[in-house]
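Chemist: Numbering-wise (our numbering), the sequence shown opens with residue 2 and increments by one.
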Amino acid sequence: MWSIWRACACRPSAARDDENRHQGALGRYALAALISGHPSTWSPAISPFLERMRERSPLPDGTPAIALGLAINGISTYGFLVLARRAVGDEAYGGLAIVWSLVYILGPGLFQPLEQEVARATAARGSLGQGSAPVLRQAANIGAVFLALVFTGVLVAWPLGLSGMLDDRPDLLAALLLGLAAFAFAELGRGILSGRHLFTEYGRYFAAEGISRMLVAGALVIVGIEVVGAYAITLAAAFLLGTFAAGFTVRPFVNPGPPSHLNELSPALGLLLATSISEAFLLNVGPVALAIIGDELGEEAPGVFLNGLIISRIPLFFFQAVKASLLPALAARAADDDLDGFREVQLRLVGAVAVVAAGSTAAIAMVGPWVVETAFADSLGSRDMGLLAASGGGLMLMLSLSLGLVALNHTRLAIVGFLVAVVVFPIALQFPNEPFLQVEVGLLAATSAGAIAQGVLLRIEFARHRAAGRMSSLA
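1) When you compare only the Cα positions, how much space is there between histidine 198 and serine 383?
2) What residue from Ser195, Leu107, Leu283, Val442 has the CA that sits closest to glutamate 399's CA?
3) Under 8 Å: do the region 109–118 and the region 273–281 share three or more Cβ pairs, one atom per stretch?
4) Does the region 138–147 come within contact of the region 69–79, defined as at least 3 CB pairs closer than 8 Å?
5) Identify, in the order they occur along the chain, each residue of the same chain with its Cβ nearer than 6 Å to the Cβ of phenylalanine 320, setting aside the five sequence neighbours on each side.
6) Do phenylalanine 419 and glycine 394 have their C-beta atoms within less than 9 Å of each other?
7) Nearest by alpha-carbon distance to asparagine 264: which of Leu430, Arg121, Trp101, Val425 is it?
8) Alpha carbon to alpha carbon, how far is isoleucine 365 from leucine 174?
9) Could you say which of Leu194, Val146, Gly130, Val289 lies nearest to glycine 1 if we only look at CA atoms?
10) In chain order, what residues of the same chain lie with their CB nearer than 8 Å to the CB of alanine 359, ignoring the 5 residues before and after it?
11) Pick out whichever of Gly190, Val425, Leu97 has its Cα sitting closest to the Cα of threonine 235.
12) Would the beta-carbon of alanine 108 fall within 9 Å of that of glutamate 210?
13) Within 8 Å, do at least three Cβ pairs link the region 446–460 to the region 368–380?
14) Rank Ile223, Leu69, Pro65, Asn256 by C-alpha distance to the C-alpha of valine 89 and give the top, closest one.
15) Helix, strand or coil for methionine 472 per DSSP?
16) Beta-carbon separation of leucine 266 and phenylalanine 343 under 9 Å?
17) If we count the other Cβ atoms within 10 Å of its Cβ and call it buried at 16 or more, is leucine 348 buried or exposed?
18) Less than 9 Å separating the beta-carbons of leucine 178 and phenylalanine 147?
19) So which of Gly132, Val104, Arg460, Leu438 has the shortest CA-CA distance to alanine 302?
20) Suppose you measure from the CA of alanine 378 to the CA of leucine 402; what does that come to, to the nearest Å?
21) Any idea what DSSP makes of leucine 459, helix, strand or coil?
22) Quick one: is asparagine 308 buried, meaning 16 or more other Cβ sit within 10 Å of its Cβ, or exposed?
23) Which residues bound the alpha helix (DSSP H) around alanine 378?
24) On the three-state DSSP scale, how would you describe threonine 412?
25) I need the straight-line Cα distance from glycine 258 to serine 164, nearest angstrom please.
26) Which residue comes first and which comes last in the alpha helix (DSSP H) that contains threonine 276?
27) Per the contact definition of three or more C-beta pairs closer than 8 Å, is the region 416–430 in contact with the region 451–470?
28) Could you tell me whether the Cβ atoms of leucine 232 and glycine 70 are closer together than 9 Å?
29) Taking Cβ positions only, does alanine 208 come closer than 9 Å to chain B?
30) If you scan the region 90–175 from start to end, which runs of the beta strand (DSSP E) of 3 or more residues do you find wholly inside it?
31) Please report how far the alpha carbon of proline 436 lies from the alpha carbon of glycine 154, in whole angstroms.
32) Is it right to say glutamate 345 is buried, meaning 16 or more other beta carbons lie within 10 angstroms of its own, or is it exposed?
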């Protein structure tokens, strides 16, 4: 999602008027408005009103389409996991949970920065009327190197303990490798779509990925397949199908352009890699950690943890969907040197996130156990769900504080909180307790420490600007 904001920032004003134009009844206008987010698709009767709303909205162009795609993706993800869990059984589902977690740690961690850099470079070239085909080739070369490194790491780890985590199943190993390769392919495609401001197609990717994953799983259930590897390989299939569904209408997908050199994609790649790996680790490490420290719980334990984690992180899912659209409000004030306004927006943002985090933690602690039992036939208590939701709230706070540091052009500082959280997590696991509680407390301690670190850094920045006379003292 960061790539959306970075691409929007490079978008020439004339490009905003080059959108698809639809005709039809009022209902079709409304649907087109939702999907495209552009006034050229709206009915003349409602166009002035919606145009005013669009001008006042802080959200980047295309946010509705992406949010809709993410919502469909989230709902269909629950459907996929329910189908897979009931088809393969408790123990085999634990192996699927490990594959899922590793794909979503290593995939976004390694390849999402590449998407962001492709989007930035493509948008910059687009503003100059240059094609991005050389950028895509250069990014594919970098991605191939990353993929070779991660493949080597996975194969080395297989006899050192990874095989036990994956129940000694070669089909799950194959699913992990295929999933990572397909994820890398999808990230390159999404980077081009984002950089070309094709946000309807970008949102379509998420919708198609989620729907195809659920439909393939449904087909496997109908024909009676109960082999867990088949459901794990569905991850790779969904990444590929989502990419083709998003890009098949884009002709040409990329245009020729001047040669791309390595430094066109690498200026911020190191920082982006460190941040994305840390964030993906905090989001998805729970089932893997439980498999390592809770071996006595049985093979089904990681799957149970994954189900609880996904339900508890619903608020974080929606925050992830809109966090890129929160950055412009902060960045605009920083660019205008309106640091008092910046501080006001930042404090309101943190306050709102804190309220949402507290409220959602209480709500999930109450209804989460029932949802998990109803959807997955698993048993998790209110304490488990509350701690998982609280760690998600801590991560939302850390991300919202990081937005402030990024908007103040302190990207190097913004990574500190993530690194603190990653270091704290294994330390917190050392305190003896029941394995589920160990991981839950470890996640909460990690995200809390990261949020505190980001808050301290932001407060230091505020103090520095007050000392320089650029920001008034707090009332």
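For glycine and all other residues, C-beta sits at the position ideal for the given N, C-alpha and C. Please read all numbers here as calculations on a predicted model, not as lab measurements.
Modeler: Concretely, from the data shown:
1) Here residue 198 refers to the residue found at position 197 of the sequence shown. Here residue 383 refers to the residue found at position 382 of the sequence shown. Rounded to the nearest angstrom, the gap between the Cα atoms of histidine 198 and serine 383 is 43 Å.
2) Numbered from 1 along the sequence shown, position 398 holds the residue referred to as residue 399. For the record, residue 399 in the displayed sequence is methionine; it is not glutamate. When only C-alpha atoms are compared, the closest one is Leu283.
3) With a cut-off of 8 Å, the region 273–281 and the region 109–118 count as touching, because enough Cβ pairs lie within range.
4) No, they do not touch.
5) Stepping through the sequence shown from its first residue, residue 320 is reached at position 319. Excluding residues within five positions, the ones whose Cβ falls inside 6 Å are Met397.
6) Within the sequence shown, numbered from 1, the residue matching residue 419 stands at position 418. Within the sequence shown, numbered from 1, the residue matching residue 394 stands at position 393. In this structure, glycine 394 does not lie closer than 9 Å to phenylalanine 419 by Cβ.
7) Within the sequence shown, the letter at position 263 stands for residue 264. Ranking Leu430, Arg121, Trp101, Val425 by CA distance to the CA of asparagine 264 puts Arg121 first.
8) The sequence position of residue 365 within the sequence shown is 364, counting from 1. The sequence position of residue 174 within the sequence shown is 173, counting from 1. So the two alpha carbons sit approximately 34 Å from each other.
9) With the chain covering 2 to 476 only, the question about residue 1 has no answer from this structure.
10) One-based indexing of the sequence shown puts residue 359 at position 358. Result list for alanine 359: Gly394, in chain order.
11) The residue you call residue 235 lines up with position 234 of the sequence shown. It is Leu97.
12) Along the sequence shown, read from residue 1 onward, the residue named residue 108 stands at position 107. Along the sequence shown, read from residue 1 onward, the residue named residue 210 stands at position 209. Looking at the sequence shown, residue 108 is not alanine but glycine. Against a cut-off of 9 Å, the Cβ pair of glutamate 210 and glycine 108 comes out as no contact.
13) Verdict: no, contact absent.
14) Within the sequence shown, numbered from 1, the residue matching residue 89 stands at position 88. Closest by alpha carbon: Ile223.
15) Looking up residue 472 in the sequence shown gives position 471. Three-state result, methionine 472: coil.
16) To locate residue 266, count along the sequence shown from 1; it is residue 265. To locate residue 343, count along the sequence shown from 1; it is residue 342. Not in contact: leucine 266 and phenylalanine 343 (Cβ atoms no closer than 9 Å).
17) The sequence position of residue 348 within the sequence shown is 347, counting from 1. Exposed.
18) To locate residue 178, count along the sequence shown from 1; it is residue 177. To locate residue 147, count along the sequence shown from 1; it is residue 146. With contacts defined by Cβ atoms closer than 9 Å, leucine 178 and phenylalanine 147 do not form a contacting pair.
19) Here residue 302 is taken as the residue at index 301 of the sequence shown, counted from 1. The shortest Cα separation from alanine 302 among Gly132, Val104, Arg460, Leu438 belongs to Leu438.
20) Counting from one through the sequence shown, the residue named residue 378 turns up at place 377. Counting from one through the sequence shown, the residue named residue 402 turns up at place 401. Linking alanine 378 to leucine 402 through their CA atoms gives a straight-line distance of about 37 Å.
21) Residue mapping note: residue 459 aligns to position 458 of the sequence shown, counting from 1. Reduced to three states, the DSSP call for leucine 459 is helix.
22) As a first step, residue 308 must be located in the sequence shown, where it is residue number 307. Buried, because 16 or more other Cβ atoms sit within 10 Å of the Cβ of asparagine 308.
23) Position 377 of the sequence shown, counted from the start, is the residue given in the question as residue 378. Premise fails: alanine 378 is in no alpha helix (DSSP H) and is neither H nor E.
24) Counting from one through the sequence shown, the residue named residue 412 turns up at place 411. Note: threonine 412 maps to helix in three-state DSSP.
25) Stepping through the sequence shown from its first residue, residue 258 is reached at position 257. Stepping through the sequence shown from its first residue, residue 164 is reached at position 163. Taking the straight line from one Cα to the other gives about 45 Å.
26) Taking the sequence shown and counting its residues from 1, the one referred to as residue 276 is at position 275. First-last of the alpha helix (DSSP H) with threonine 276: 270–294.
27) Here the region 451–470 makes contact with the region 416–430; the two share three or more CB pairs at distances below 8 Å.
28) The residue you call residue 232 lines up with position 231 of the sequence shown. The residue you call residue 70 lines up with position 69 of the sequence shown. Note on identity: in this sequence residue 232 is tyrosine, with leucine being the wrong assignment. No. Outside cutoff.
29) Protein chain content of the structure displayed is limited to a single chain, and chain B is not contained in it.
30) Runs found: none.
31) The residue labelled residue 436 in the question sits at position 435 within the sequence shown. The residue labelled residue 154 in the question sits at position 153 within the sequence shown. Near 27 Å, if we compare the C-alpha coordinates of glycine 154 and proline 436.
32) Along the sequence shown, one-based indexing puts residue 345 at 344. Looking at its Cβ environment, which holds fewer than 16 other Cβ atoms inside 10 Å, glutamate 345 is exposed.
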